[in-house]
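Remarks on the structure that follows.
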Amino acid sequence: MKTAFATLALAASASAFAPAPVSTKKTQLSEFANGLVGGEGPEPMFTGSKEFDPVGFTESSPEWINWFREAELKHGRQAMLATVGLVVPEFVRVPGPQFSFEAIPNVLDAHDALIDSSMKQILLFVSFAEAMSLAALSNMNEFDRKPGDWGFDPFGLYPTDPAKQKEMQLKELKNGRLAMVAIGGMIAGAQISGHGFPYV
Numbered sequence: 005m006k007t008a009f010a011t012l013a014l015a016a017s018a019s020a021f022a023p024a025p026v027s028t029k030k031t032q033l034s035e036f037a038n039g040l041v042g043g044e045g046p047e048p049m050f051t052g053s054k055e056f057d058p059v060g061f062t063e064s065s066p067e068w069i070n071w072f073r074e075a076e077l078k079h080g081r082q083a084m085l086a087t088v089g090l091v092v093p094e095f096v097r098v099p100g101p102q103f104s105f106e107a108i109p110n111v112l113d114a115h116d117a118l119i120d121s122s123m124k125q126i127l128l129f130v131s132f133a134e135a136m137s138l139a140a141l142s143n144m145n146e147f148d149r150k151p152g153d154w155g156f157d158p159f160g161l162y163p164t165d166p167a168k169q170k171e172m173q174l175k176e177l178k179n180g181r182l183a184m185v186a187i188g189g190m191i192a193g194a195q196i197s198g199h200g201f202p203y204v
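The sequence shown runs 5 to 204 under our numbering.
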């Protein structure tokens, strides 16, 4: 059952790694990564470093830069939700006997315990998010849409001032990068220690 679920999850997420169509647009040589925010290195290890691209993706595949950023933002957003989703159930559970602290004392055991109910719902939501982004990704270099901008801002948090917009974009990007590292550390800590939050 686990292998079937893993195969299904991999197949659903395969679209995240599909290449974007090659664009004929030229990028300006003076703008690193098409002028997208976040070109400086990760803090605090490489403070002050500019044009941080140790693998050379921006030079070898400049037409994919927007796709790389879209994927980074998508995974960062999912990782931010995952970090919250790993900590909150340690303190609060949704109603129902199958979700109780007695039924599932360790949050990491929820995957196997709820494989026939909640995991299908999560797979459906992730597949829906992937399907919704396919059209945007396939046409990314042909329109003015910025990577990660789905026009979804129900609370009006995105500022109108361009300088504030770049600041908000950088905050989201850095928090997403941190969350991608954090969720891996949280799961590893929970598996090794066998304890819930704070995983020591």
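The beta-carbon is built from N, C-alpha and C at its ideal position, and this holds for glycine as well.
Note down, in chain order, each residue of its chain lying with its Cβ closer than 8 Å to the Cβ of residue i, except the 5 sequence neighbours on either side.
i: residue 121; result: 102
i: residue 20; result: With a pLDDT of only 42 at residue 20, under 50, the local geometry of the prediction cannot be trusted, and the value read off the model is given with reservation. Contacts found: 75, 78, 79, 134.
i: residue 1; result: In the structure as shown, the chain starts at 5 and stops at 204, and residue 1 therefore has no counterpart that could be examined.
i: residue 162; result: 169, 172
i: residue 183; result: 80, 83, 84, 86, 87
i: residue 64; result: none
By Cβ distance below 6 Å, which residues in the same chain neighbour residue i in space, the five residues on each side in sequence not counted?
i: residue 117; result: 108
i: residue 36; result: 43, 55
i: residue 112; result: 194
Which first and last residues belong to the alpha helix (DSSP H) in which residue i is found?
i: residue 179; result: 166-197
i: residue 77; result: 69-91
i: residue 64; result: 61-64
i: residue 113; result: Where residue 113 is concerned, there is no enclosing alpha helix (DSSP H), given that its DSSP letter is neither H nor E.
Using C-beta distances below 7 Å, list every residue in its chain close to residue i, excluding the 5 sequence neighbours before and after it, in chain order.
i: residue 61; result: 72
i: residue 106; result: none
i: residue 201; result: 91, 94
i: residue 41; result: 170, 173, 174, 177
i: residue 203; result: 190, 193, 194, 197
i: residue 199; result: none
Quick one: any contact between the region 82-97 and the region 177-189, if contact means 3 or more CB pairs under 8 Å?
Contact between the region 82-97 and the region 177-189 is present: three or more C-beta pairs spanning the two stretches fall below 8 Å.
Measuring CB atoms only, is the region 154-172 touching the region 60-76, in the sense that at least three cross pairs come out at less than 8 Å?
At 8 Å Cβ cutoff, the stretches do not touch.
Contained alpha helix (DSSP H) runs [length at least 4] in the region 117-149, N- to C-terminal order
Fully enclosed alpha helix (DSSP H) runs of 4 or longer: 122-142.
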